[in-house]
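Peer 1:
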Amino acid sequence: MEITRRQGLMGLAALAAAPALLPGEAAAQSRAETLRQVTGGAVNTLDPTMPGSTRESFGISMNVYDRLVGFGRKMVGGNWVFDHTEIRGELAERYEISADGLVITLHLRRDALWHDGTPVTAEDVKWSLDRHVSSKSLAVSQFQTGSLTSTEQFRIVDAHTVQVVLDKPDRLALSNLAVPYAIMINSRLAKQNATPDDPWAQKWMQANTAAGGAYKVESFRPGVQVVLARNEAWKGGPLPFFRRVISQSVPEAATRANLIEKGDADLAIDLQAGDIAALTQRAQVKVASIPQSNGFTHISFNTRQAPFDNPKVRQAIAAALPYEDMFKASLFSRGRVLFGADWKVPPNADFPQALPMRQDLARARALLTEAGLADGFATTFSFGTSTAATSEPLAALVQEALAKVGIRVEIQKLPDAQLNTLQAEKKLAFYTDSGTAWLPATYYFFYLYFTRDQRWNFANWENARITELSNAARFERDTAAYEAQCKEMISILADQLPLLLLWQPNMDAVMNKAIEGFTYQFYRQVDFRDLKRA
Amino acid sequence: MSAATSGLPPLLRHAGWVLRGNPVTALAMLGTALLVLLALLAPWLVPYDPIASNVRMAMQPPSAAHWFGTDQLGRDILSRLLMGARLDLAIAASAVGLSFVVGAVVGAFCGYQGGWLDRAVGRGVDVLMAFPLFVLAMAMVAALGNRVENIVYATAIINLPFYIRFARTEVAVRRQAGWVEAARAAGHGRAGVVLGFLLPNILPNIAVQISLNLGWAILNAAGLSFLGLGITAPTPEWGIMVAEGARFITAGQWWLVAFPGLALMLAVLCFNLLGDGLRDILDPRMRT
Amino acid sequence: MQVLRRAALRVGGRLLSSVPAVLGVVVLTFLVMRVLPGDPAVYFAGGPSAGQEQIDALRVQMGLDKPLPVQLLTYLRDIARGDLGRSLTTGQPVVVDIAQRLPASLELTLTALLLALLAALPLGILAALRPGSAVDHLVRFLCTMGVCMPTFVSGLLLVYVFYYLLGWAPDPTGRIDVFAASPPEITGFLLVDFALVGDGEGWRAAAAQLILPSCTMALFVLAPLARMTRASMLAVLGGDFIRTARAMGLPGWRVILVHALRNALLPVITITGIVFSTMLGANVLVEKVFSWPGVASYALDALQASDYAPVQGFVLLMASIFVLVNLVIDLLYGLADPRAAG
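Residue numbers (the numbering used here), protein chains in the order written: chain A, 1 to 534; chain G, 535 to 822; chain H, 823 to 1164.
In C-alpha cells, the structure reads:
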C-alpha cells in the first residue's frame, strides 16, 4: 500500500516538473543526465552467470542487480580504484563474521524493493544463493573458490537475516558474494518463469531481469545495445547521477575514439593505445589511466612439453627477450611493468609484482648450452586474433630476439575460440595471453593460475610445493604466516618461470571532460553508479 | 591448333590499334609491367630489412631516410611495401591460376562430354554459387589456419564456379564446330581434343576474367586481414598493412595506411583496367 | 488463366530444382563448422573459474557429445521444423536474431543498390553514346576506381572525412541516433516504418545514418553495373529498330530513354540480381565499420567464436535468398520477353 502511494506521489511530482521545462531545455537536460558508453564488445545476456556471457554483460549486471555486499574504493595516483579489503553492505546493510570465521550473518535492508515494487525477503536471498551453487552456470565454480558449495550452507534466520555457514574459515567466502555472478534475484518473479526443465529460470533471465539494482533495463538488444533507466526507488546506496545510460557496441576502435573526441559519446574504456596517446595529446577529452592491478599479460610455456619442461630453457628465453622494446611496441608503454625487478627475496607478499627478469643474451646462450640446446630449436608462438593489436608487435619482437640465440619461432595467429580450445587441451607450446583475477589475493592468483589440471593453469604447471602452499594460505588466519607463504610462492615462480609476467596494461578510460568519478573495477567494466557529469 | 594461331597477327594489329585509341589501357599495361618488375627486383631494391625492428625509430613520419615513414616497430614502410608486392602478387596469381587451371579443365570436359559428369559438376557448382562467398572464404581460413597456402586455396575455391561455368559454355558452343570435327577425324582422343584444341581456343576469352580476378583476389586477401584472418605478421603483406594502418587514421599517423592503401589501389586498378582493355581487344564488337 | 498456371508451375519447378543446391549448402556448412578447430563449449564455458565439468556439461547441452552423423540428422530435422538452433553469442534463438537483423541488412543493401543504379545507369548510357571518347574513358576510370579500394578502407575514410573532419554525417553507429526514439516495429525497415507513422524527422535521421554505409557499398558495385549498362546499350543502339525510330524523327533523348533503355534493361537486371546476392553476403566489412546491426556481422562474430548455429543459419538464409533472387530475375525475364519463358 505504502509503496503504491509513494510511486503515485513520484509520478505526480514528475508531472508537475515536466511543464516547467521547454522542449529544447528538456532535451538538453535529458542529454546531460544521459551517459552514453561505447564498447568494442557487446552485452549478450542479462544473466551474468550464463555460460558465454561477455565482460560487458558482467558490467551491466553490476548496475542492474544488487549483490549482498560490494567492494569499497580508494584513491590511487589520483584515480579511484576498487578496494577489495573494504567490503561494505549493498543489499545487506551490514554483516558480521563469527570469531572462528565460520558463520557470516547478513542483515538485509528492510526497505529494499525489487524493480516490480515487491519487498526483498530472506527467501529471495536464499533462493539466489541456492541457484549459484546448484544451477548449471558459471557461478558454481566461482563459488567453490569461496568454499560455497551446498544449499545447506545458506540459512534463513528471519525475514531480514541470512546466514552463510562454512566448514573452514575460507578467506574469500565473503568476497565471493561481491563478484558479478553473485546477483540477488527476485525469486517470486523468477519462479513464475521457471519450467520443470529449467527450475532456475535461466532461459528467461537471459533476456529478462528479476532484479532490484540501481538501474532498470529499459531496452536490450543482444550484441547491439542496452539502455538503462535509473531505479528511483533504489536503497542500496546514494541515488546515481545519471537518469539514463546507453551502452552501445561500436566494433571499430577508431570510430569509438572519434565519437568520444567529437563529444557524441561520453565514455569508452577499450580504445587502442595509439588512439589514446593521440587523444591525450590533443587534450579534448579526459583520460584516466589506471594500471589493471588485478591482471597480468604473460608469455606462457607448456611446462610438460619438451623443450619447455626444462626450467633452464624457460630461464634462457626469459633472459633473451627485449622487455622494454616489447612494452613500448605493444602498449606504447601504457601500463605497469612486471619485469626488471632487482631482488633475491620478494619485498612483499603482493601479486602480481615485478619479477627479476631482464635481457642478458650471454646468459641466455649459456643457459641454452647447459640445457643441451646450444644450437637452439624450433617452436611456434601463438596468440588470439582479438589481442592482435598488442600481440602482433610483441610476437614479431619475440621472434626476432629468439633468433639471436638460435631459437626459430613461427608465429601463429588464431581465432579466439581456437586459442582457448588449444589452451584448455594444453596443446599450445608457447603463447601470450592475459589473465585477471576478480579477487586479487595472492593465494587466489596461485590457486587459479598455477595449480590443478584446468584451463586457467596457463603453463600447465605442476609444482607440489605451490599446491601445498596455496591450499594452506587459503585457510591461514595468521597474517604473518600467510605473507610468508605468499612470498615463498612468488620466489618459486620467479625461479621456475612457468610463465613470464610481462606487464599490467592500463585501463584507459577516455571520457568527456565533464565526467567525474570513474572507478577502476575488478571486473574491468564501468560502474555507472559512481559517475556524474560536472 | 590452326584456328587459335592463325588469329594472332590480326589480333596483334587490332591490339595496337585499340591501344593507340585507348590510353587508359596502355597506362594500365605499363603499370602492371612496372608492378611485376618491382616485385621481381624487390630484394635488391629495398633500402632496409623489411622485418628487422627498431623500436627507437617507431612511428616516424616520411623523411629522407624513410621515404614512406616507419611503422609501430620502426620498420621501413617502403621496404615492406616492395617485399609485400611479391607476396601479394604471388598470392593473387597462384589463387587465380589454380582456379583457372582446375576450373577451365573441368568446365571444358563438362561442356564437351555433357552427360552425368556435366550434371554432377553442375550441381556442385550450384552449391558453391549459393554460398555467401566471402563468408565461405572466412570459414575456410578459420578452419584450415591462416597460412599463405590456405588463403590461396580459399580464394581459388570461391573463384572456381565462375571458371567452370565459363569454360563449359564456351566449349559447348564450339563442340560441333568444323575444326573440332576435323580434330576428331584426325584420330585425337577425347582428352586430346579438349586439351589440345578446345582449351587453347577459349583461352583468350578467359584471360580477360583472369585479369579482373587478380585485382579481386588482392582485395579479398586484404578483407580477410582486416578481420584478423589474413597473413600473420611480421610477414610484409599489403592487406595486413592497410588493415592495421587504417586503425591509425584517427591517431594522425596517416602514412601507415596511405602508402600501402595507394599501392593496393593502384595494383587493383591496373588489373581491372587491363582486364577491361583486354576485353576490348579480344571482342571488337564491344567497341564499335 | 493459362498464363498464371504456367507461371505457378514454373515457380514451383524452379524452387524444387533448387532444393538439392540448398541442401548441399546446409550440409557443407555443417561440416565446415565442425572442422573448425575451436570448441564452442570451451569458449563459452570460459568464465574466470570454469572447469572441465562446466565444459562437459555445456557440450552435452549442445549435443556435441553425439557422433557427427547423428548431429547432422538432428540439425536437418530441426531445420525442417523451422528451428535454426540457439546462438550462444546472443543467447537467443537464431531465427529471432535473424528476423531482427535481416531488415537492417536488406535496407542497407537495397539502398546501396538503388544508389549504385542511379549512378550506373546514366554513366553507362553516357559511355555507350560516345564509345571510345574521353567521356567513355573517364566513366570507365571512375567506376574502376570505386572497385579498387577495399570497402573497409573507403568506409573508414568516409567516416573520417564526413563525420570526424567535416561533421556533416551523423555519428556512424548503427541505424538510428541512439537518443532518438525508434519507430514502432512494423516492417523492420526504418525508412518504411517512419514513413508509415508519418514521422518526417525520424525518417530523415534514419536516412542520414544510411548515407555513408550505402555509399561505401555502392562505390564497390558501380563498375559491374555501369559496364553492363554500357555493353547492353551499345548492342541495342546498333539494332535496326533504333535506326528506324530515329529515322521516324523521334527526338534523340526519347529514343535513348524509352526505346533503347527498355530493351537494354534485361541484362542489367540479371547483373543487378547477382550483385544483390553477393552484396548481402559480402557486406560483413561495411557492417563492422559502421556498427550496423545486420546479419553479416552477426555471422562474423559467431564464426570467430565457433558458435555453429548462427553461422549455419546465416548461410542457409543467404542460399535461400540467392535462390529467390534468381527466381525473381527469371520471372522478370518471362514477363519482359515471353519467348524466354517457353
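Glycine included, each C-beta is placed from N, C-alpha and C at the ideal position.
For clarity, every value in this text was computed on a predicted model and none was experimentally measured.
Within its chain, find whatever has a CB closer than 7 angstroms to the CB of P48 (chain A); leave out the 5 residues flanking it on each side and keep chain order.
Peer 2: Excluding positions up to five away in sequence, the list reads S57, F58, S61, P180, Y181, I183.
Peer 1: With C-beta atoms as the reference, is A1030 (chain H) less than 8 angstroms away from A991 (chain H)?
Peer 2: Taking 8 angstroms as the Cβ cut-off, A1030 (chain H) and A991 (chain H) qualify as a contacting pair.
Peer 1: Quick one: list the residues of chain G neighbouring I411 (chain A), beta-carbon separation under 8 angstroms, in chain order.
Peer 2: Correct list: T766, A767, P768.
Peer 1: Who are H107 (chain A)'s beta bridge partners in DSSP?
Peer 2: According to DSSP, which records beta bridges pairwise, H107 (chain A) is partnered with A:R94, A:T161.
Peer 1: Anything in chain H within Cβ reach of V250 (chain A), meaning under 7 angstroms, just list it in chain order.
Peer 2: Chain H residues near V250 (chain A): T995, S1113.
Peer 1: Are there 16 or more other CB atoms within 10 angstroms of the CB of K216 (chain A), so buried, or fewer, so exposed?
Peer 2: With 16 or more other Cβ atoms within 10 Å, it is buried.
Peer 1: What residues of chain H sit near N735 (chain G), judged by a beta carbon separation below 7 angstroms?
Peer 2: Going along chain H, no residue has its Cβ under 7 angstroms from N735 (chain G), so there is no contact; the nearest lies around 23 angstroms.
Peer 1: Measure the beta-carbon distance from V864 (chain H) to T421 (chain A) and round it to whole angstroms, keeping in mind my assumption that it falls under 8 angstroms.
Peer 2: The Cβ separation is near 5 angstroms, so the contact holds.
Peer 1: If you measure from the beta carbon of A329 (chain A) to each beta carbon in chain G, is any gap under 8 angstroms?
Peer 2: Yes, A329 (chain A) counts as interfacial toward chain G.
Peer 1: Is the region 640-658 of chain G touching the region 693-703 of chain G in the sense that three or more CB pairs, one from each, lie closer than 8 angstroms?
Peer 2: With a cut-off of 8 angstroms, the region 640-658 of chain G and the region 693-703 of chain G count as touching, because enough Cβ pairs lie within range.
Peer 1: Assuming R962 (chain H) and V558 (chain G) are in contact, meaning their beta carbons sit under 8 angstroms apart, how far apart are those beta carbons, in whole angstroms?
Peer 2: Their Cβ separation, rounded to whole angstroms, is 6 angstroms, which keeps R962 (chain H) and V558 (chain G) in contact under 8 angstroms.
Peer 1: Name, in chain order, the residues that DSSP records as bridge partners for M799 (chain G).
Peer 2: M799 (chain G) is not bridged to any residue.
Peer 1: Taking the CB atoms as reference points, tell me whether S587 (chain G) and R614 (chain G) lie closer together than 8 angstroms.
Peer 2: For S587 (chain G) and R614 (chain G), no; Cβs fall outside 8 angstroms.
Peer 1: Mapping DSSP to helix, strand and coil, what is K404 (chain A)?
Peer 2: Three-state DSSP puts K404 (chain A) in coil, outside helix and strand.
Peer 1: Tell me the residue span of the beta strand (DSSP E) that contains Q248 (chain A).
Peer 2: Run containing Q248 (chain A): 244-249, per the beta strand (DSSP E) assignment.
Peer 1: Let me check one thing: in DSSP terms, what residues is G72 (chain A) bridge-paired to?
Peer 2: Beta-bridge pairing links G72 (chain A) to A:D83.
Peer 1: Select from A:L177, A:H132, A:W461, A:Y443 the residue whose C-alpha is nearest the C-alpha of Y597 (chain A).
Peer 2: Any property of residue 597 (chain A) remains undetermined from this structure, which presents chain A solely from 1 to 534.
Peer 1: Could you say if the region 301-315 of chain A and the region 360-379 of chain A meet the contact criterion of at least three C-beta pairs nearer than 8 angstroms?
Peer 2: Touching, yes, given that three or more Cβ pairs across the two stretches are closer than 8 angstroms.
Peer 1: Put G947 (chain H) into one of helix, strand or coil per three-state DSSP.
Peer 2: Reading off the sequence shown, one finds Ile at residue 947 (chain H), where the question assumed Gly. DSSP places I947 (chain H) in helix when its eight states are reduced to three.
Peer 1: Consult DSSP for L838 (chain H) and reduce its assignment to one of helix, strand or coil.
Peer 2: L838 (chain H): helix per DSSP, three-state reduction.
Peer 1: Is it a yes or a no for the region 893-904 of chain H touching the region 1069-1080 of chain H, going by three-plus beta-carbon pairs under 8 angstroms?
Peer 2: They do not touch, by the three-pair rule.
Peer 1: Please confirm if L556 (chain A) has its CB atom under 8 angstroms from at least one CB of chain G.
Peer 2: The requested residue 556 (chain A) does not occur in the structure, where chain A is confined to residues 1 to 534.
Peer 1: Can you say whether I1008 (chain H) is buried or exposed, counting buried as having 16 or more other CB atoms within 10 angstroms of its CB?
Peer 2: Label assigned to I1008 (chain H): exposed.
Peer 1: Quickly, what does DSSP pair K413 (chain A) with across the bridge? List them, please.
Peer 2: Its beta-bridge partners are A:F383.
Peer 1: Can you check the region 920-1007 of chain H for any alpha helix (DSSP H) of at least 4 residues that lies completely inside it and give the ranges in chain order?
Peer 2: Entirely contained in the region 920-1007 of chain H, the alpha helix (DSSP H) runs reaching 4 residues are, in chain order, 956-969, 973-980.
Peer 1: Roughly how many angstroms separate the alpha carbons of F220 (chain A) and N44 (chain A), rounded to a whole number?
Peer 2: Those two C-alpha atoms are separated by around 9 angstroms.
Peer 1: Does DSSP put E218 (chain A) in a helix, a strand or coil?
Peer 2: In this structure, E218 (chain A) counts as strand in the three-state DSSP scheme.
Peer 1: Can you find a CB in chain B that lies within less than 8 angstroms of the CB of P842 (chain H)?
Peer 2: Checking the listed chains, one finds no chain B in this structure; the protein chains it contains are A, G and H.
Peer 1: Assess contact between the region 520-531 of chain A and the region 773-783 of chain G, defined as three or more Cβ pairs (one per stretch) separated by less than 8 angstroms. Is contact present?
Peer 2: As far as the Cβ criterion goes, the region 520-531 of chain A does not touch the region 773-783 of chain G, which means the pair count is below three.
Peer 1: Per DSSP, Q359 (chain A) forms a beta bridge with which residues?
Peer 2: According to DSSP, Q359 (chain A) bridges with nothing at all.
Peer 1: Starting from R1026 (chain H) and walking both ways along the alpha helix (DSSP H), at which residues does that stretch end?
Peer 2: Here the alpha helix (DSSP H) through R1026 (chain H) covers 1022-1059.
Peer 1: In angstroms with no decimal places, state the Cα-to-Cα distance between E704 (chain G) and I736 (chain G).
Peer 2: For E704 (chain G) and I736 (chain G), the distance between alpha carbons rounds to 7 angstroms.
Peer 1: Given a cut-off of 8 angstroms, decide if W789 (chain G) and I611 (chain G) are closer than it, judged by their beta-carbon atoms.
Peer 2: Cβ distance < 8 angstroms, so I611 (chain G) and W789 (chain G) count as in contact.
Peer 1: Using DSSP with H/G/I as helix, E/B as strand and the rest coil, what is H298 (chain A)?
Peer 2: Here H298 (chain A) sits in strand by DSSP.
Peer 1: For G236 (chain A), which of A:Q418, A:A92, A:L414 has the nearest alpha-carbon?
Peer 2: Comparing Cα-Cα distances from G236 (chain A) to each of A:Q418, A:A92, A:L414, the minimum goes to A:A92.
Peer 1: For I276 (chain A), I'd like the list of residues in its chain whose CB is within less than 7 angstroms of its CB, leaving aside the five on either flank, ordered along the chain.
Peer 2: Counting only Cβ-Cβ distances below 7 angstroms, and skipping sequence neighbours, we find V287, R334, D508, V510.
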